[in-house]
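Below is one structure, written out as structure tokens; the observations come after it.
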Amino acid sequence: MAVAITGGGGFIGSRLARVLAEAGETIVLIDRAFSEASRRVAPASAVRIEADITRRDGLWRALSDARPTGIIHLAAVLSGISEADHALAFDINVVGTFNVLEFAHRNGVGKVVATSSIAAAEMPEPGPPITEEMPLAPMGFYGMTKATGEAWCTYYRRRFGLDARVARPGAVVGPGREAGSATSNFTTAIISEPLAGRAYECNVREDDAAPMVYHSDLVDGLARLYRASSVPFPIYNLGACSATAREMADAVRARISGARITFAPDEVTRYVVGQWRHIVQDNGRAARDLGYRPRFDTVEKLVDQFIRESQPALVG
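Its first residue numbered 996, the sequence shown is counted upward by one per residue in my numbering.
And the structure:
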């Protein structure tokens, strides 16, 4: 009885592995490489297999060796890289997802949980909270790959009866996260840079916003989605809060003396961020079916927890 986690050497994968191992799951991590940081976070008992998600034969050999009863598919490139290299993003985010689903279908894997992103949606103008049923029309290339991955998951669920489940999180925030490859990197860097005593020049406008989720809340939601015996719907929002860059900066300045934050909008970044600047995720489905209730559901709680994890003495 093993769960295979693709992207298992990543920020969320290594943390999810630890939570699932503590719940009694046998963990197999699959990634192209494993950093020392990920090895420190993930459980020592986890089996690690190096494989490329885009190389079908190698991936399928790795999964065959793992003999999983379930797969959690986290392997992906984020929005910044996706905008810079469309072919790479398609190969990893779309072809990689197909490779996982097809293996699961052919080999009788019990369930697959895949991560999408709220970037698959758009809301450039004010509107109601985003539900899982709202139509997707992403303008960013990353969002397009994630919308495509969602479609493949729902297809395999509908056509072949594969228990494919999709998590749709907001921008992931947390200390230690490598934020540079995400268009939403300001949501982490606007806290981490002042904490490190460095000035931070934010590349969006003060009134640009992002839907966010703290890393531990997302890990909790993913664990709940995976461990649920069954779910009535294929897609679940796993968000927490939404805030403008100004609101985040104000929260940071109120907590970190001398925080230096300025704004110099980059129009390429703003083009992508602007498509979801008014998004607020509706987590009602996940609350009802999974018991998902994020602990850090305001920007103030999120910033406090970030500081607490980074420098415990700064927050009482």
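Beta carbons: idealized from backbone N, C-alpha and C, even for Gly.
- [ ] Could you name the residues that DSSP lists as bridge partners for SER1398?
- [x] Because residue 1398 is not part of the residues shown, which for the chain are 996 to 1311, the question remains open.
Task: Cα-Cα separation, PRO1170 to PRO1124 - done: 27 Å
Task: Contact under 8 Å by Cβ, ILE1025 with ALA1012 - done: no
TODO: Output the distance between the C-alpha atoms of PHE1301 and THR1239, rounded to the nearest integer angstrom.
DONE: 17 Å
- [ ] Pull up the CB-CB distance for LEU1297 and CYS1236, whole angstroms please, since I reckon it's below 8 Å.
- [x] 6 Å
Open item on the list: Using the Cβ count rule (16 or more neighbours within 10 Å means buried), how would you classify LEU1309?
Closed with: Low confidence applies to LEU1309: its pLDDT is 48, below 50, so where it sits in the model is not reliable enough to give any reading.
- [ ] Kindly indicate the opening and closing residues of the alpha helix (DSSP H) around GLY1078.
- [x] A small correction: the amino acid at residue 1078 is Glu; Gly does not occupy that position in the sequence shown. It spans 1074–1079 - the alpha helix (DSSP H) in which GLU1078 sits, taken as one unbroken run.
TODO: Check each candidate in VAL998, LEU1054 and THR1064 and name the one with the smallest Cα separation from ALA1041.
DONE: VAL998
Task: Buried/exposed call for ASN1102, threshold 16 Cβ in 10 Å - done: exposed
TODO: Tell me, please, which residues DSSP counts as bridged to ASP952.
DONE: Absent from the model: residue 952. The displayed extent of the chain is 996 to 1311, so no value can be given.
Open item on the list: What ranges does the beta strand (DSSP E) occupy inside the region 1223–1296, keeping only unbroken runs of at least 3 residues that lie completely in it?
Closed with: 1230–1233, 1236–1239 and 1256–1258
Task: ASP1060, enclosing alpha helix (DSSP H) - first and last residue - done: 1051–1061
TODO: Could you tell me whether the Cβ atoms of VAL1199 and GLU1242 are closer together than 8 Å?
DONE: no
- [ ] Note down the Cα distance separating GLY1005 from PHE1029, rounded to an integer number of angstroms.
- [x] 8 Å
Task: LEU1083 classed as buried or exposed, judged by whether at least 16 other C-beta atoms fall within 10 angstroms - done: exposed
- [ ] Could you work out which residue in VAL1263, GLN1270, SER1225 and SER1305 is closest to VAL1107 when comparing CA atoms only?
- [x] SER1225
Open item on the list: Does the contact criterion of 3 or more C-beta pairs under 8 Å hold for the region 1110–1129 versus the region 1147–1164?
Closed with: yes
TODO: Kindly list the residues whose CB is nearer than 6 Å to the CB of PRO1289, restricted to its own chain and excluding five residues on each side of it in sequence; keep chain order.
DONE: ASP1212 and ALA1235
TODO: Using the Cα positions of ALA1204 and LEU1054, report the straight-line distance between them to the nearest angstrom.
DONE: 37 Å
Open item on the list: Classify GLY1253: buried if its beta carbon has 16 or more other beta carbons within 10 angstroms, exposed otherwise.
Closed with: exposed
TODO: From the DSSP output, in three-state form, read off VAL1014 for me.
DONE: helix
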